[in-house]
Structure formats: structure tokens, C-alpha cells
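Numbering-wise (my numbering), the sequence shown opens with residue 217 and increments by one. Glycine included, C-beta positions come from ideal geometry on N, C-alpha and C.
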Amino acid sequence: MQVKANDYPKESARLLREEPQVRESVTGATLNFDRNRRAAYAEVGAEAWRDWAERVKNHVLTHLDSYLEQAERALIANGVQVHWAEDAEQAQRIVAEVARAAGVKKVVKAKSMLSEELGINPMLSSMGIETLETDLGEYIIQLLDQPPSHIVGPAIHLGLEQIRALFHQRFGTPPDATPDALAGVARKLLREGFLQADMGISGGNFLVAETGTLALIENEGNIRLSTSVPRIHLALVGIEKLLPRFSDLAVFLSLTARAATGQRLGTFVSLLHGPRKASEPDGPEAVHVVFVDNGRSAVLADPEAWETLRCVRCGACLNACPVYRQTGGHAYGYVYSGPIGAVLAPGLAGLEETKPLPYASSLCGACYEVCPVKIPIPKLLLAWRQRAVEENLTPRLEKAAIQGYAWAMTQPWAYRLAAKALRLLPEKALDNTVVPVLKAWVEGRAGLKPSPKSFRELWEEGL
């Protein structure tokens, strides 16, 4: 996908200024998700679960080569065709070859952030293959030709009135249609798609190396239909998504659901082991698993950034982040937004292409406190900021200002001289020139909407 992360400062300011309903919708939804997570974590020994999950994922990542080989053997034994994609171009080529060989005309897609990362939908469209997103949120943003705004809730930035207007325009539903009526219209259209599709494409929440089991979590039932009704199922799986043993799934499935939406378990959990056997009436004729690297090996080799690969894509850090709530995910200009996007994007897409994202944080630490696998996001944000400075990727004016400030703070005579100079300025001049400029700079760096409050008031509130 095209990376537009360097537009973050400009785009976040535009959203705050021109689309205030985004802030309202995102804040309401994420606060609800986070409230549910707290209740779900409180029901169990969440801290012990998080410690255990961190250790399991660390073990997998530090032995990834052997577990990938084991997973490949188990998948092949289950009748699955295994492919390896080093980058997005190779992944696209594999998907295209599978579709072309099977004469695919229509594809139904389960929700998959990896497919967004790889640009699968535009590629299939260029081949003349109709592609239908079957997650309701993904279907809505497909109608709008927008990318997801959230890892779990792709249409979280839209309000009910906007969705009503969209369905009224596209399907002739009443302008005041209820949410149930809107879902009913989408359900009818999507079910027709399931029956007509030649191939279903999914991601993979987890893949068990021991048994070759692909685990998928959902709440709508569309993944189960996408992976079982079409004659071909193709799963795109990041190489970091492995678990060692089948017994590991129990905690990871529940922990991920609790972190994401506060559910004890997803409404539907599918454990897939391969194509249907001759004695079975249902299921795909062929199953393909594409293991995708696309920069993950480089991240794994990074002595600091490797910990981001523990991510289970629950979205809990987005729900807890006060900065993400202001704009939603589109301002980030990358498929993964929020705190995890701010530390994962520089590793996958390069710091030069994503340099504003590590600064899109208040460093409050909420993201670490909620992460089910304890990714130290605040520490990694600081690490990427440090690298941005070392690689001269910070604005020259800002760098000069910080250097000047640091020098003045370490030179007592310069500090005293500056203080005397400021005292000589008339109070009115100070209020009308220096303070407004400083206030505007701070607000701009924090990505905040200009506030009518004085700089002193903002400072006392902790800005």
C-alpha cells in the first residue's frame, strides 16, 4: 500500500478542524471497548496471562526458523499447499497465480489487515476479479473506497447518520433506517456473494506449528462462510503469527478477545486444518497458506524493534490512546495506526517514510498497560525518536531550538541573561508575541486543535 505517514501532522490537523464527528465517533467507540476490556481483564488473572503470553511469543520469535519449518510440515501433512512471500510483490504474484490457475472470477474476503498491507484488493481488481469484503465494517468502507480506521473496528470513524446516508444512496434504504435494517440489507447482499464466490481469502489470528491449525476469531460468521463455502480458501499469514502448541491456543484466543472488545471469547472461533476430505460434504477443495515476510525479518533482527512482532492485532492500544482518539486511524497514513502503528510502521516501511508517527504520542504509557503481550511501546517510541535525531530526520528549526534550549539550560550566565531580557519586555508584548508563538508551536507538535485557553492554563493542565 502507499505510505502517507509523513502527512500525519497536516492530516491530523485537518481532521480536527474539518471533521469533528470523527473525534466524537472514535472516542465513543474506543472508550466503550476499553471499558469492556477492563471488566474482562478483571475477571481473570490478566497480569499472569500477559506475562505468560509474552514469554510464549518471545520463545516463538527467538526460534522462528524451526517453528516455520515445523508449521510447513504440519500444513503439508494436512493437505494444505504452502507458499512463501518475501515481500508484497511476491505475495500478490502468488495470490494472482492461484486465482488464475483456478479460473477465479469472484473472491469473498474475510477481514485481514495483512491483505491491506499487501494491497491485495487493488491487485485482484486489476485482474478483473470482483472482490467483496464480508466483514460489515470492511464492507462499509469498501463502499466508500476508504482504508480501515482501526485494527478491529475498520469503520469506527463513521457515525450512524453517515452510514444511513450511504445505504440510502446505494441501496435505497429509508433515511432513518435502524441499524438492524441496515445490517439486514448488507447481510442479504453478502450472502449472495458467498454463494457465487470461487475463492475465499482470510488472514490468520494464529497458526499452530505443532498441528498446522489456522485459528480465526470473529463476531459475524462471515469468516466461517468465506473459508468454507468457496471451492478455494487462501490464507495470508504473517510469519510472526505462529504459536508452538495446540494447547497454547486456549489462553491466546481468550486473551485476545478480552483485550480487543472485552469479550470472554469471540462469537465464532474457527480452527481450520485443511481441505475437505472425500468423506466430508462441506469445505473447500483446496487450501493455500501464504507465509508473508514483507519486512518482518528485518524487524526481527532489530535489537529493539523486534518486540513489536509479538502483536496479536487486538487494537487495545488504540482504544487506550488519547492521541489516537482525536483523529482515528486515517491520519496515520499507514495500514497499522495508533501506538502499535507508530512503532511498527518505521520497522516495516522505513523511518524516513514514517518519521512523524513516533511523535504521535503523549508517552502516557496506557498502551503498554493494556497490551496483552506486553509490548513496551513507550520505550520503542523513544527509541525511534532517538534514531530520527541520529539520522537527521527531525525538522532543522526544531533541532536548532532544542539545541539552543539545552545549551542555555547548561550555561548559568546565559540562563540568567535570558531571564533578565524577558523581564525587560513589557508584559503586554510578552502576552501578544512570545507566548502565543510558543503556545501555537506546542499545540502543533502535540497535534492538538488550537485552544482558546492561555499558555499558562495549558501548562498547568500538563500540556
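- Item | Nearest-angstrom Cα separation, counted from Val508 out to Ser553 | Their backbone Cα atoms lie some 20 angstroms apart in a straight line.
- Query: With a CB to CB cut of under 8 angstroms and the five nearest residues on each side skipped, what residues in its chain are close to Tyr631?
  - Reply: Counting only Cβ-Cβ distances below 8 angstroms, and skipping sequence neighbours, we find Ala624, Met625.
- Measure the C-alpha to C-alpha separation of Val658 and Arg266 and round it to an integer number of angstroms. Annotation note: pLDDT 49 at Val658 (below 50); position unreliable, coordinate value reported separately. The straight-line gap from Cα to Cα measures roughly 36 angstroms.
- Output yes or no for whether 9 angstroms exceeds the beta carbon distance between Gly419 and Lys273. Taking 9 angstroms as the Cβ cut-off, Gly419 and Lys273 do not qualify as a contacting pair.
- Item | With 16 other Cβ atoms within 10 Å as the buried cut-off, status of Trp675 | Because Trp675 sits at a pLDDT of 44, beneath the cut-off of 50, its placement in the model cannot be relied upon, and the following sentence gives the value as read from the coordinates. Sixteen is the threshold: since fewer than 16 other Cβ atoms of the shown chains lie within 10 Å of the Cβ of Trp675, the residue is exposed.
- Query: Bridge partners of Gly300, per DSSP?
  - Reply: First, the amino acid is wrong: residue 300 is Trp here, not Gly. DSSP, once it has assigned bridges, lists Phe507 as partnering Trp300.
- Exposure of Asn248, with buried meaning 16 or more beta-carbon neighbours within 10 Å: So Asn248 ends up on the exposed side.
- Message: Check this for me: beta carbons of Leu579 and Gly557, under 9 angstroms apart or not?
- Response: At least 9 angstroms separates the beta-carbon of Leu579 from that of Gly557.
- Would you say Ala312 and Leu330 are within 9 angstroms of each other, going by their C-beta atoms? Not in contact: Ala312 and Leu330 (Cβ atoms no closer than 9 angstroms).
- Item | C-alpha gap between Glu288 and Ala315, whole angstroms | Using only the alpha carbons, I get a separation of about 21 angstroms.
- Query: Closest to Gln218 by CA distance: which of Arg233, Gln479, Leu564 is it?
  - Reply: Looking at the Cα atoms, Leu564 is the closest of the given residues.
- Would you kindly check if the distance between the Cβ of Leu280 and the Cβ of Leu725 is under 9 angstroms? Here the chain comprises residues numbered 217 to 679, so residue 725 is not present and cannot be evaluated.
- Query: Which of helix, strand or coil does DSSP assign to Glu349?
  - Reply: Note: Glu349 maps to strand in three-state DSSP.
- Message: DSSP has Glu434 in a bridge; who is on the other side?
- Response: Phe484, per the DSSP bridge assignment.
- Nearest candidate by alpha-carbon position, reference Pro555, set Pro538, Ala264, Ala635: Among Pro538, Ala264, Ala635, the Cα nearest to that of Pro555 is on Pro538.
- Residues in its own chain within less than 6 angstroms of Gly544 by CB, not counting five upstream and five downstream? Around Gly544: Val238, Val242, Ser365, His373.
- Task: State the DSSP-derived secondary structure class of Leu450, mapped to helix, strand or coil.
- Result: The three-state secondary structure of Leu450, taken from DSSP, is strand.
- Cα-Cα separation between Val320 and Pro519, rounded to whole angstroms: Cα to Cα, the separation comes out at about 43 angstroms.
- Task: Determine, using beta-carbon pairs with one atom in the segment 406 to 414 and one in the segment 491 to 500, whether at least three such pairs fall under 8 angstroms.
- Result: No: fewer than three Cβ pairs fall under 8 angstroms.
- Query: So is Ala451 buried or exposed if we call it buried at 16+ other beta carbons inside 10 Å?
  - Reply: Flag for Ala451 reads buried.
- Of the choices Ala264, Val260, Ala425, Pro390, whose alpha-carbon is the least far from that of Glu285? Of Ala264, Val260, Ala425, Pro390, the smallest CA-CA separation from Glu285 is found for Ala425.
- Item | Exposed unless 16 or more other CB atoms sit within 10 angstroms - verdict on Asp250 | The residue in question, Asp250, is buried, as its Cβ has 16 or more Cβ neighbours within 10 Å.
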